Every structure is written in C-alpha cells, then in structure tokens.
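*Asks:* My structure is below; once you've seen it, I'll send some questions.
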Amino acid sequence: MRVTRVFATVLLALGLAAGPAAADPGDAPTEAGTSFRTATEIDQGRTATADASAGDYLYWSFPADAGQRPTVRATVKLPKAHAAETWQLDVYDGLRRRQACQWGAQTRTAAAGAGSVELTCVLRTVRAWSEPWANDPLPGTYYVRLTAVGLPTGDLGLPVGAEVRVDAKDMGGAVAVDGRLGEPLVPGSATAAPAAQSEDATPVLSGIEPEDGWASGWWSDRWVWTAAGGLLAALAGIGGYALTRGSGRPPGVPPNV
Numbered sequence: 003m004r005v006t007r008v009f010a011t012v013l014l015a016l017g018l019a020a021g022p023a024a025a026d027p028g029d030a031p032t033e034a035g036t037s038f039r040t041a042t043e044i045d046q047g048r049t050a051t052a053d054a055s056a057g058d059y060l061y062w063s064f065p066a067d068a069g070q071r072p073t074v075r076a077t078v079k080l081p082k083a084h085a086a087e088t089w090q091l092d093v094y095d096g097l098r099r100r101q102a103c104q105w106g107a108q109t110r111t112a113a114a115g116a117g118s119v120e121l122t123c124v125l126r127t128v129r130a131w132s133e134p135w136a137n138d139p140l141p142g143t144y145y146v147r148l149t150a151v152g153l154p155t156g157d158l159g160l161p162v163g164a165e166v167r168v169d170a171k172d173m174g175g176a177v178a179v180d181g182r183l184g185e186p187l188v189p190g191s192a193t194a195a196p197a198a199q200s201e202d203a204t205p206v207l208s209g210i211e212p213e214d215g216w217a218s219g220w221w222s223d224r225w226v227w228t229a230a231g232g233l234l235a236a237l238a239g240i241g242g243y244a245l246t247r248g249s250g251r252p253p254g255v256p257p258n259v
C-alpha cells in the first residue's frame, strides 16, 4: 500500500512538471468577421486563420486586461499574380476608439508578385483606470481590423489568406495605477436600453474575457515593493541609530558633568 502511494505521488509530480496539455490547434477560428458586430473571438496565444478576397474587411476580437501589453501580428498570403498592394492593421478598444501602436509595422506595401506581407502592432500597456477624456487603453474587448487600402481595381476579389495572432506581456506593478473601472469595456457588459440601437451604437454581444477572469483592480506587485521598501527603511533607521548613539555615559562620571 505504501509503495502504491509513493508511485502515485511520483506520477502526480511528473504530471505537474509537464504542465497542462497543449491546446488543440483545431480549436482556433478559421474565419473572420466582416464588421465590429460579427468580429470573430480569438484567445491570446492562438493563431486564427481566414480565407477572404482582396478588398474585404476582416475583423477579430480578443480580451486584454490591466497590466498587459498586447502585440498583434498578422500575415497576409497573396496570390502569385498581383500588383503592389498596401495592407493595414488597425486595433480598436471596446468603445471603438482606434488605439495607437507603440511600435511595429502597422501598414506595409507588398511589391508586385510578393508571396506575403507581415504586419505588427504593439499596443500601449492596458491601464486599470483612466480619465474620461483620455484615449488610454483600458481592460476589455479589443477589435482587430485587417484590410487592403488603395487596392488596384485589377486586384479586387483576388483570393487571399490571413493569419492573426495576439500575444500579451504582463508588465506588472511598474505600470499599475490607482483606481479601476466599474466594468471592463466589453460589449454587452452593461444593460442595454430598451430603445432600438443604431448601427453605430455599441453592439450587444456576450464578449470574451481572460481565462482567469478580469483583474480585481487594486492588487499588484507594487504592494510587495512598497512593503519591502518600508521594511528596508525601518532597518536602515535602526542601524543608523545604533551606530550614532554611542556607548552612553562612562561609569563613575557624575551626572552633571
């Protein structure tokens, strides 16, 4: 019985060391939406593909939480015969505000006959809270739009293939701010008014969220660094006092001397 328990413990340890099983690539989306309302939802770390025609607008959506810095990469596979084409990658937040890229080739021109073109957009770090007038990226759903701009008439309708992948780096408490949103900017997170919505209104969709849920908004590793700094300051004060106070009054010296 004891040997059985030891064997089971070893197997459990090996399973934990191996980590979770890799996700099935077949679960990744193989099509894209054609508008904000029909954007295809993708998870971070997964590569989504889509077959389309030159001139189409392709939309995907993904979740981004506070403290993350998302990076969106897109590859467009072009037909063998085509003229020079310019492709553009745009990212919008849950309020459909276009977000600027910190760096990356957001727009690129593929030379005539080129097999593919690659685009990259590294967003700013998502903030937990922001002023209403600011255009800072906030937690919630983000939209990716991929399309060709200034496409030659002869290339309209040519078959193309698209690959999109979103990765995010956790920047930690160095970029944390006080405060948090009442709710992430996710379509459908708030109760919609009974009146009919216009085409430009925020869509009422279920939305997606990170696997471990949205951040609470108040905890970050800033608290750890603050506590460590306070402890070091206290120790430094005690050490300085011990070094400067001396050994006290020598024995046998009258109190008034």
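Note that the numbering used here numbers the sequence shown so that position 56 is 58, with each residue one more than the last. Just so it is clear, CB atoms sit at the ideal spot from N, CA and C, and this is done for glycine as well. Computed from a predicted structure; not experimentally measured.
My output table needs one value for W62: the three-state DSSP class, helix, strand or coil.
*Replies:* Of the three classes helix, strand and coil, the one that applies to W62 here is strand, per DSSP.
*Asks:* Quick check on T49: does DSSP put it in helix, strand or coil?
*Replies:* Looking at T49 - three-state DSSP - the assignment turns out to be strand.
*Asks:* Under three-state DSSP, which class holds D29?
*Replies:* DSSP places D29 in helix when its eight states are reduced to three.
*Asks:* Taking C-alpha atoms, which residue in Y59, G47 and E33 lies nearest to L153?
*Replies:* The residue with the shortest Cα to Cα distance from L153 is Y59.
*Asks:* Out of curiosity, what's the CA-to-CA distance linking L13 and R48?
*Replies:* Residue confidence is low: L13 scores 42 on pLDDT, short of 50, so the model does not pin down where it sits. No coordinate-derived value is stated.
*Asks:* Is A30 near the ligand ZN, judged by its Cβ being under 7 Å from some heavy atom?
*Replies:* This structure simply doesn't include the ligand ZN, nor any ligand for that matter.
*Asks:* Where does V74 fall in DSSP's three states?
*Replies:* It is a strand residue.
*Asks:* Y144 and A236: beta carbons closer than 8 Å?
*Replies:* Cβ atoms of Y144 and A236: not closer than 8 Å.
*Asks:* Let me make sure I understand the geometry here. Which of P141, Q108, G159 and W227 has the alpha-carbon closest to that of E2?
*Replies:* No statement about residue 2 is possible, as the shown extent of the chain runs from 3 to 259 and does not include it.
*Asks:* Are at least three pairs of beta-carbons, each pair with one atom in the stretch 117-137 and one in the stretch 81-100, less than 8 Å apart?
*Replies:* They touch, by the three-pair rule.
*Asks:* Apart from the five residues on each side of it in sequence, which residues of its chain come closer than 8 Å, Cβ to Cβ, to A107?
*Replies:* Excluding sequence neighbours, A107 sits near E120, L121 and T122.
*Asks:* What does the alpha-carbon distance come out to for the pair T149 and D53?
*Replies:* Near 13 Å, if we compare the C-alpha coordinates of D53 and T149.
*Asks:* Is the stretch 66-79 touching the stretch 156-173 in the sense that three or more CB pairs, one from each, lie closer than 8 Å?
*Replies:* Flag = yes, the stretch 156-173 and the stretch 66-79 touch.
*Asks:* Shortest alpha-carbon distance to S33 belongs to which of W62, L234 and G57?
*Replies:* One detail in the question is off: residue 33 reads as Glu in this sequence, not Ser. Measuring from the Cα of E33, the nearest candidate turns out to be W62.
*Asks:* For E213, which residues of its own chain have a beta-carbon under 8 Å away from its beta-carbon, when the five flanking residues on both sides are left out?
*Replies:* Correct list, in chain order: D45.
*Asks:* Tell me whether the beta-carbon of D169 lies closer than 8 Å to the beta-carbon of T73.
*Replies:* Taking 8 Å as the Cβ cut-off, D169 and T73 qualify as a contacting pair.
*Asks:* Which residue marks the beginning of the beta strand (DSSP E) containing P161, and which one marks its end?
*Replies:* It spans P161 to D172 - the beta strand (DSSP E) in which P161 sits, taken as one unbroken run.
*Asks:* Taking a contact to mean a Cβ-Cβ separation below 8 Å, would you say E133 touches T111 in this structure?
*Replies:* In this structure, T111 does not lie closer than 8 Å to E133 by Cβ.
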